[in-house]
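Engineer: Numbering (the numbering used here), first residue to last: -6 to 264. Even for Gly, the Cβ is constructed at its ideal location relative to N, Cα and C. The structure presented is a predicted model; accordingly, all values stated were derived computationally and were not measured.
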Amino acid sequence: MTEVEYKESTLLPLRSGLRAFALAVLLILTTGVSHADPVRVAVAANFLSPVEVIASAFEAAGGEPVEIVSGATGQHYAQIINGAPFDVFLAADQARPARLLEQGLAIEGSVFTYALGRLVLWAGDGHQLPDNGFAGLVDHPVTRLAIANPRLAPYGRAARDALQATGQWQALQPRLVEGLSVGRALHYLATGNVSHALVAASYTHARGRPGGAWVAVDPSWHESIRQDAVRLVNGPNPAGARAFMTFLKSAEAQTILQGFGYRAAGEVTEP
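1) Once the 5 residues before and after S42 are set aside, which same chain residues still bring their CB inside 8 Å of it?
2) Taking the straight line between their C-alpha atoms, what separation do you get for V131 and L165?
3) What separation, rounded to the nearest whole angstrom, lies between the Cα atoms of Y181 and A139?
4) Is L109 closer than 7 Å to R256 when the C-beta atoms are compared?
5) With 7 Å as the threshold, decide whether the Cβ of A183 is near any Cβ in chain E.
6) What are the start and end residues of each continuous alpha helix (DSSP H) run of 4 or more residues lying completely inside the region 49 to 136, in chain order?
7) What distance in whole Å lies between the Cβ atoms of H215 and V135, which are believed to be in contact at a cut-off of 8 Å?
8) CA-CA distance, D118 and V192?
9) Tell me the start and end of each unbroken alpha helix (DSSP H) in the region 183 to 242 that is at least 4 residues and wholly inside, in chain order.
10) Take the Cβ of V175 as the centre, count every other Cβ of all protein chains shown within 10 Å, and call the residue buried at 16 or more, exposed below.
11) Can you list, in chain order, the residues of its chain with a C-beta nearer than 7 Å to that of R150? Leave out the 5 residues immediately preceding and following it.
12) DSSP three-state call for R256: helix, strand or coil?
13) Excluding the 5 residues flanking W207 on each side, which residues of the same chain have their C-beta closer than 6 Å to its C-beta?
14) Relative to the C-alpha of P147, which candidate in G160, A246 and D86 has its C-alpha closest?
15) Between S63 and V46, is the Cβ-Cβ spacing less than 7 Å?
16) Identify the continuous alpha helix (DSSP H) that holds A164 and give its terminal residues.
17) Restricting to Cα atoms, I'd like to know which of T248, G55 and A84 is closest to Q68.
18) Which residue from L241, S217, V210 and D211 puts its Cα closest to that of R224?
19) Since V59 and A77 should fall inside the 8 Å C-beta cutoff, what is the C-beta to C-beta distance between them, to a whole number of angstroms?
20) Take G126 as the anchor and find which of R219, Q161, A141 and L145 has the nearest alpha-carbon.
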């Protein structure tokens, strides 16, 4: 064997060994990294701004990424019973989480009331509030009044109940515009499609809110807007969901929530 042939014969096993080592390292790098699912949170439209801030704080504290899907509570409920893989449902009422528990689609013991919502009457730019507040709406120059759909959205039910309690529901029918969610009702106001809207008080604290003025609606004119959270059976990230729900009960999350005009409510301990 020549000197050249000898060098080549000794280098071949070395090269083969290096290639095998590199391949092993590559396999470790590609298979050893965890690609955990994000925590998928279905949230009522009124709570979108607060949950975005809460999710950022959760992630900053070491929590997993949070994927937020906003919409009407009734719409989310329909998606969940049809198999939507959400981990957590932050509803704008208590009824839908309770139904999901009855149907075996939510985890027993995971439900708790995370917030109490408030309703406001909002007059858009260039429009005035009634001189004697919400009860004087029917005699006020309202071109169109936006509310959330009472059949789908708790804030829509609260708006309808308050109008009925003050004897204004029937008279204002020709001027009512219903949005799928309370967020859509606010959008109608922001774009000038309506002069007034009945929406969640949380929007008065949100960045980028539309102009105008607002007044609180007396909570005695409608049922309490108790908003319940629940973990879901079909969620792909149960550990992340538990961690997020625990954080939602924390003092930090409650401070954020109150900064958006909500009141903290009772909670239960998970098993």
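Structural biologist: Reading it off the structure:
1) Position 49 of the sequence shown, counted from the first residue, corresponds to residue 42. S195, Y196, H198, A199, R200 and F253.
2) Along the sequence shown, read from residue 1 onward, the residue named residue 131 stands at position 138. Along the sequence shown, read from residue 1 onward, the residue named residue 165 stands at position 172. One C-alpha to the other measures close to 6 Å.
3) The residue you call residue 181 lines up with position 188 of the sequence shown. The residue you call residue 139 lines up with position 146 of the sequence shown. Distance between the alpha carbons of Y181 and A139 is about 7 Å.
4) In the sequence shown, counting from the first residue as 1, residue 256 sits at position 263. In the sequence shown, counting from the first residue as 1, residue 109 sits at position 116. Yes, these two residues count as a Cβ contact at 7 Å.
5) Annotation note: the requested chain E is absent from the structure, which comprises a single protein chain.
6) 66 to 74 and 88 to 95
7) To locate residue 135, count along the sequence shown from 1; it is residue 142. To locate residue 215, count along the sequence shown from 1; it is residue 222. In fact, because the Cβ distance is near 19 Å, the residues do not count as touching under 8 Å.
8) For the purposes of this step, residue 118 is identified with residue 125 of the sequence shown, where counting begins at 1. For the purposes of this step, residue 192 is identified with residue 199 of the sequence shown, where counting begins at 1. In a straight line, the C-alpha of D118 is about 16 Å away from that of V192.
9) 231 to 241
10) Here residue 175 refers to the residue found at position 182 of the sequence shown. So V175 ends up on the buried side.
11) Start at 1 with the first residue of the sequence shown, and residue 150 comes out as number 157. The answer, listed in chain order, is P143.
12) Position 263 of the sequence shown, counted from the start, is the residue given in the question as residue 256. Reduced to three states, the DSSP call for R256 is strand.
13) The residue given as residue 207 occupies position 214 in the sequence shown. Excluding positions up to five away in sequence, the list reads V113, W115 and T197.
14) The residue you call residue 147 lines up with position 154 of the sequence shown. Answer by Cα proximity: D86.
15) As a first step, residue 63 is located in the sequence shown; it is residue number 70 there, counting from the start. As a first step, residue 46 is located in the sequence shown; it is residue number 53 there, counting from the start. No, the pair does not count as a contact, with Cβ atoms beyond the cut-off.
16) The residue given as residue 164 occupies position 171 in the sequence shown. A164 -> alpha helix (DSSP H) spans W162 to L165.
17) Indexing the sequence shown from 1 puts residue 68 at position 75. Per the Cα distances, A84.
18) Looking up residue 224 in the sequence shown gives position 231. Of L241, S217, V210 and D211, the residue nearest in Cα terms is L241.
19) Counted from its first residue, the sequence shown places residue 59 at position 66. Counted from its first residue, the sequence shown places residue 77 at position 84. Contact flag wrong, Cβ pair sits at about 16 Å.
20) Residue numbering aside, residue 126 sits at position 133 when the sequence shown is read from its first letter. Here the closest residue by C-alpha is Q161.
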